[in-house]
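Read the structure below first, then the notes.
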Amino acid sequence: MAELVAVIASTHHPFYYRASISTGEERPPFADEWVRKVLAFRETLTRARPDVLVMVGSDHFHQLWLDNMPQFLIGKAPRYDANWYNEEREFGLPRMVMAGQEDLSAHLLRGGLDAGFDLAFSNELRIDHSITCPIITLRPQNDLPIVPVYTNIFAPPLPRPRRFVQLGRLIRELVESWPSGERVAVIGTGHLSLELGGPRQFGPHGPDPEFDRKAVEWIASGDLEGCLAEVTLDSLHLPGNATHGFMDFMLMMGVAGEGVKADYVDTYDLFHTMEAYFTWYPR
Amino acid sequence: MSKYLLNKFLFTVDRDPELVERYREDPAATVRWWEETQANRLLNCPEVESSTWLEFDDAEREALASHDYPALFELGAHPFLTLTLFIAVFERDHPPLGFQLEYARRLARFGLPYPDIAT
Chain H
1 MAELVAVIAS THHPFYYRAS ISTGEERPPF ADEWVRKVLA FRETLTRARP DVLVMVGSDH
61 FHQLWLDNMP QFLIGKAPRY DANWYNEERE FGLPRMVMAG QEDLSAHLLR GGLDAGFDLA
121 FSNELRIDHS ITCPIITLRP QNDLPIVPVY TNIFAPPLPR PRRFVQLGRL IRELVESWPS
181 GERVAVIGTG HLSLELGGPR QFGPHGPDPE FDRKAVEWIA SGDLEGCLAE VTLDSLHLPG
241 NATHGFMDFM LMMGVAGEGV KADYVDTYDL FHTMEAYFTW YPR
Chain Z
1001 MSKYLLNKFL FTVDRDPELV ERYREDPAAT VRWWEETQAN RLLNCPEVES STWLEFDDAE
1061 REALASHDYP ALFELGAHPF LTLTLFIAVF ERDHPPLGFQ LEYARRLARF GLPYPDIAT
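Residue numbers (the working numbering), protein chains in the order written: chain H, 1 to 283; chain Z, 1001 to 1119.
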């Protein structure tokens, strides 16, 4: 069977790419420390020597739209083009192409359907910065095949937090039952407190530092029950209007397991939102 | 009221570089043209399969035609779509982050709960 060699949860900050390559007066004062932290985080994936990456993210109204909106979708394609014109325009993100691991996609789809998750699928998926940001930060050589998993954290009605956790648990079971000798890492990105298009956006810190402090503690300690006891679809409006992206972190806590402490934890307090990086090595 | 149609306008304009410029230069004419020719386009289908029933109400049409993003927020347009398109339209006229902060200031009167964005 395949081996789950790393579970990684991260924020995805579309400004990182531009900040990390900028020079001279263009280079923001926070860039050097940010790059240092990302390089240390990258090492936690490199050390696990993965062959395949399952990438959990959320389409930001790029390919998935309100006329036909899936809640959970898995890509199954030999290639994934990536990044969109408006991400190039706003964030300076490059166009990318990733290889797909179709056999693992098929395994997750079949196993998910049989386990009670009516997963949608896509055979032609252009992925966006929720998945390309962690490729840029964690595996910039972009040399491994991926399985994209998209969740709806964006267009209500949304699945409830517990459903994200359940999907995370299931992804782990399915990866570990994949008849293959491959080494698999599961990487998911979301947000801590975040406001987009509202009055609290682009402040000197994330919109709710107290939520961020609690969120980092829940994730770092694997405190799924504590997190589920406090976090609801309604409560997530309070820390910032885009904070439902935290449910992708909850999915990753489901992959990592109840009560399992992260082996690596780092954060970086930036304007607009806090960066947070977590790695678990399953044993 | 059609939050869905507001979002459809923001979504289809934001992803098209030429439409972004048209909307910047002449928002009223762009909104009029879009409502007449694009509002009922069923995306991913040939024109012969268009919808028949989608139109803005007056407040929605006016908010779009006047670049009034606080009004769009109040009407329940998806804030991510509104933010992304208006950054494309206006960021170039401001110093770095200047437009994003002005945007926040212009929405400062809104407290929780924000207008419902469910469609």
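Ideal Cβ placement from N, Cα and C applies to all residues, glycine included.
Using a Cβ-Cβ distance cut-off of 8 Å, determine whether H/H237 contacts chain Z. yes
Taking its Cβ as the centre, do 16 or more other Cβ atoms sit within 10 Å of H/N68, making it buried, or is it exposed? exposed
DSSP has H/M96 in a bridge; who is on the other side? H/A82
Please name the residues in the stretch 1002–1021 of chain Z whose beta-carbon is closer than 7 Å to at least one beta-carbon of chain H, in chain order. Y1004, N1007, F1011, D1014, R1015 and P1017
Can you name the residues of chain Z whose CB is closer than 9 Å to the CB of H/E90? T1084, I1087, A1088 and E1091
When the distance is taken between beta carbons, is H/T11 closer than 8 Å to H/L125? no
Mind the definition here: the stretch 207–217 of chain H touches the stretch 232–247 of chain H only if three or more C-beta pairs lie below 8 Å; say whether that holds. yes
Note down, in chain order, all residues in the stretch 194–213 of chain H with a beta-carbon under 9 Å from any beta-carbon belonging to chain Z. E195, L196, G197, G198, P199, R200, Q201, F202 and G203
Quick check: the stretch 21–35 of chain H against the stretch 1004–1016 of chain Z, are at least 3 beta-carbon pairs closer than 8 Å? no
Of the choices Z/T1082, Z/D1058 and Z/L1112, whose alpha-carbon is the least far from that of Z/V1020? Z/T1082
Give me, in chain order, the residues of the same chain whose beta-carbon lies closer than 6 Å to that of H/Q101; leave out the 5 immediate sequence neighbours on both sides. V52, P145 and V147
Just reading off the alpha helix (DSSP H) that H/I131 is part of, what are its end residues? H129 to L138
Check whether chain Z comes within 8 Å of H/D67, counting only Cβ atoms and requiring the distance to be less than that. yes
Spatially closest choice to H/K120 from H/A155, H/P140, H/I136 and H/K76, by CA coordinates: At residue 120 of chain H the sequence reads Ala, which differs from the Lys that was named. Looking at the Cα atoms, H/K76 is the closest of the given residues.
Nearest to H/A276 (by Cα), restricted to the options H/R79, H/I8, H/A2 and H/P156: H/I8
Name the residues in the stretch 231–265 of chain H whose C-beta lies less than 8 Å from a C-beta of chain Z; which are they? H237, L238, N241 and A242
With contact counted as at least three CB pairs below 8 Å, one residue from each stretch, are the stretch 220–229 of chain H and the stretch 249–267 of chain H in contact? yes
Please classify H/Q141: is it buried, with 16 or more other beta-carbons within 10 angstroms of its beta-carbon, or exposed? exposed
By the 7 Å beta-carbon criterion, what residues does the stretch 52–66 of chain H contribute toward chain Z? H60, F61, W65 and L66
How big is the Cα-Cα spacing for Z/R1032 and Z/K1003? 17 Å
Bounding residues of the alpha helix (DSSP H) (the contiguous stretch that carries H/W218): P209 to S221
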